[in-house]
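Beneath this line is the structure, given in structure tokens, with notes to follow.
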Amino acid sequence: MGLNEKPLSTLHEKASYDLGDFEVPTGREEAWRFTPLTRLKGLHNGKAEAAGHVRLDVDAAPEVTVETVGRDDARVGKAFTPTDRVSAQAWNSFEKATVLTVPREAVASKPTVLTLTGEGDGAAYGHLVVKVEPLAEAVVVLDHKGSAVYADNIEFVVGEGANLKVVSLQDWDDDAVHVSHHHAQLAKDATFRSFVVTLGGDLVRLSPSVAYTAPGGDADLSGVYFVDAGQHLEHRLLVDHSQPNCKSNVDYRGALQGDRAHAVWIGDVIIRVEAEGTDTYELNRNLILTDGARADSVPNLEILTGEVAGAGHASASGRLDDEHIFYLQARGIPHDEARRLVVRGFLGQLIEKIQIEELRERVMSAVEAELAR
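The sequence shown: position 187 = 192 (our numbering), numbered continuously.
Dropping the structure here:
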């Protein structure tokens, strides 16, 4: 049963569109015990004034349809039901949703880029649906920047035999607060690749999740984060294997520096009784660069069937390896440069998975800027 006191299926059993079904968190709950609630600026207790604005600009591939729809659109909320109070608050507070559709068998000729820019004080809420129809392929980039107090839900609906790659970049200003759920629903033989990069913001809490509706689904969730002094960056993942012969792989890596830099990574994987033939692995690694930084890493794996192809999990948090630094210094490389090389290699192994060259270079440049501080 891993590191939890009770089964994951119990921890994640509540799902509702009704805000009243979720009590205001106090910080004593398992799902909220790492999150500094006072820094959520009222997103968790209904006291946030909905006076903010996050502008959405979309540069879509010509094959992709982009629509702005009302709350009554049948596609909105079909794949995902809120699982905590902030998610339910976002669901009940957004006015218009954005729906991206990749038609059946279409192959998008370029990435579709959604730029979300925070403007002004107060809270804002959003909802996005990305629907990839059977045998279609697309790349979607979510680029968050500016100043905001923002909560949103995102639904990725990947059809039979379809392929969706998503890159989500959180490059907010230093005062931003962002709480988001990213939920992927995979049909038969669907492929989903997610890459999360979290750099900016005062408090960012992302909850990526994956569910399977038929056999053959394949999900890969990767992430990189760099936490500076005073920042709280939290990633809470859930992969729910409820269908046979599906795959999942999770690999998140972070670097932390500065006083009160805090990273939280929670990785939950459930393999249900009916999910025979599941192949899954999850990994989190943290590199603590200075005193005063803290990383909490909790991988959880619940297996309810004895017929699995593979299942494992691991996490590690530690300081720079003195032997690595000494090895480089012995070859004439100054200490600071040796330090940068080690961290660049540690994070770069994952960053290289970003297939968009311009975005990959932007992320590496941002990591270099963090290390130069």
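Yeah, the Cβ is synthetic: ideal placement off N, Cα and C, and Gly gets one too.
Legend entry - Host alpha helix (DSSP H) of residue 364 (start-end): 362-376 is the extent of the alpha helix (DSSP H) around residue 364.
Legend entry - Sequence-distant residues of the same chain with beta carbon closer than 6 Å to residue 320, five excluded per side: 289, 302 and 304
Inset, instruction - Would you identify the three-state DSSP class for residue 25, choosing helix, strand or coil? - result: helix
Inset, instruction - Could you check what DSSP says for residue 48 in three-state terms: helix, strand or coil? - result: Of the three classes helix, strand and coil, the one that applies to residue 48 here is coil, per DSSP.
Legend entry - Runs of alpha helix (DSSP H) wholly within the stretch 52-122 (minimum 4 residues, chain order): 90-98
Legend entry - Three-state class that DSSP yields for residue 354 in the structure shown: DSSP places residue 354 within a helical segment (H, G or I) once states are collapsed to three.
Inset, instruction - Starting from the C-beta of residue 344, find all residues in its chain whose C-beta is less than 8 Å away, skip the five residues before and the five after it, and write them out in chain order. - result: Counting only Cβ-Cβ distances below 8 Å, and skipping sequence neighbours, we find 294, 325, 330 and 376.
Inset, instruction - Indicate whether residue 66 and residue 116 have their beta-carbon atoms separated by less than 8 Å. - result: Taking 8 Å as the Cβ cut-off, residue 66 and residue 116 qualify as a contacting pair.
Inset, instruction - Taking 8 Å as the threshold, find out whether the stretch 53-60 comes into contact with the stretch 125-133 through three or more Cβ pairs. - result: yes
Inset, instruction - Have a look at 261, 244, 300 and 71 and flag the residue whose alpha-carbon is nearest the alpha-carbon of residue 287. - result: 244
Legend entry - Pair within 8 Å by beta-carbon distance, residue 314 and residue 272: no
Inset, instruction - Taking the CB atoms as reference points, tell me whether residue 213 and residue 199 lie closer together than 8 Å. - result: yes
Inset, instruction - Give the straight-line distance between the Cα atoms of residue 15 and residue 307, rounded to the nearest whole angstrom. - result: A caution first: residue 15 carries a pLDDT of 44, below 50, which makes its placement in the model unreliable, though a value can still be read off. So the two alpha carbons sit approximately 11 Å from each other.
Legend entry - Alpha-carbon spacing of residue 114 relative to residue 35, whole angstroms: 43 Å
Legend entry - Backbone secondary structure at residue 20 - three-state DSSP: coil
Inset, instruction - Check whether the Cβ atoms of residue 102 and residue 78 sit closer than 8 Å, and answer yes or no. - result: yes
Inset, instruction - Please name the residue, chosen from 26, 25, 41 and 24, that lies closest to residue 32 on a Cα-to-Cα basis. - result: 41
Inset, instruction - Report the three-state DSSP secondary structure of residue 124 (helix, strand or coil). - result: The answer is strand: DSSP assigns residue 124 an E or B state.
Inset, instruction - Reducing DSSP to helix, strand and coil, say where residue 260 ends up. - result: Here residue 260 sits in strand by DSSP.
Inset, instruction - Work out the CA separation of residue 74 and residue 97 for me, nearest whole Å. - result: 15 Å
Inset, instruction - Could you tell me how far apart the beta carbons of residue 201 and residue 240 are, in whole angstroms, since I believe they sit closer than 8 Å? - result: 7 Å
Inset, instruction - Look at residue 149 and residue 133 and say whether their C-beta atoms are less than 8 Å apart. - result: no
Legend entry - Alpha carbon of residue 91 to alpha carbon of residue 152, nearest angstrom: Their Cα atoms are separated by approximately 19 Å.
Legend entry - Whole-angstrom distance between residue 363 and residue 310, CA atom to CA atom: 43 Å
Inset, instruction - Assign residue 100 to buried or exposed, taking buried as 16 or more other Cβ atoms, counted over all protein chains shown, within 10 Å of its Cβ. - result: exposed
Inset, instruction - Give a yes or no on whether the C-beta atoms belonging to residue 190 and residue 266 are separated by under 8 Å. - result: no
Inset, instruction - Identify every run of the beta strand (DSSP E) within the stretch 194-268, keeping only runs that are complete inside it and at least 3 residues long; order them along the chain. - result: Runs of the beta strand (DSSP E) inside the stretch 194-268: 196-203, 208-217, 223-232, 237-246 and 252-261.
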